[in-house]
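As structure tokens, the structure follows; a few thoughts come after it.
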Amino acid sequence: MKTRPLTKRELEEFRRQLEAERDRLSAELEAMEEHLPEVEQVSVDASGGYDEDLADVASDTFEREKGIAIENSVQDLLQQVEEALERIDQGTFGICEACGSPIHPERLRALPYARLCIDCKAREEQAIPR
Ligand SMILES: [Zn+2]
Numbered sequence: 007m008k009t010r011p012l013t014k015r016e017l018e019e020f021r022r023q024l025e026a027e028r029d030r031l032s033a034e035l036e037a038m039e040e041h042l043p044e045v046e047q048v049s050v051d052a053s054g055g056y057d058e059d060l061a062d063v064a065s066d067t068f069e070r071e072k073g074i075a076i077e078n079s080v081q082d083l084l085q086q087v088e089e090a091l092e093r094i095d096q097g098t099f100g101i102c103e104a105c106g107s108p109i110h111p112e113r114l115r116a117l118p119y120a121r122l123c124i125d126c127k128a129r130e131e132q133a134i135p136r
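Residue 61 in this note's numbering sits at position 55 of the sequence shown; the count goes up by one each step and never skips.
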């Protein structure tokens, strides 16, 4: 069964969906940057309370790194959404980057920034290096 290319109307729907997603992710990213704890200075106080402080600093660092990991994945997603919007402008949206076939609209509905058709995606996943 051959997948038909997207209609102009569908493209506009995806554009709206992607733009909404982009706005949502940007807002999320901004909120995260505001709430990310500042890096604390490691200071050794004269009373020798160093070890306890160090434990606190370690857990703060952990929290911060967890925050950065989430922030990075949001940034990643945002990047993919922006690239998908560029593909809409360039007229390559919804076309598999690997084989050039149209990506099934149902797949795009679930994942509007998909770059590969389902077949190529499955192949890519199988080919993931050990
Ligand atoms: Zn493909």
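The beta carbon of each residue, even a glycine, is placed where N, CA and C say it ideally should be. Model, not experiment: these values are computed from the prediction.
Around the C-beta of residue i, are 16 or more other C-beta atoms found within 10 angstroms, so that it is buried, or is it exposed?
i: P11; result: exposed
i: L60; result: exposed
i: E103; result: exposed
i: A116; result: exposed
i: G97; result: exposed
i: E131; result: exposed
i: A120; result: buried
i: C105; result: exposed
Going by beta-carbon coordinates alone, are residue i and residue j separated by less than 8 Å?
i: S79; j: T9; result: no
i: L17; j: I94; result: yes
i: V87; j: E27; result: yes
i: L91; j: E25; result: yes
i: L35; j: Q85; result: no
i: R113; j: I124; result: yes
Based on the DSSP output, what are the partners of residue i in its beta bridges?
i: I101; result: P108
Problem set entry | the stretch 20-33 touching the stretch 59-72, judged by at least three CB pairs closer than 8 Å | no
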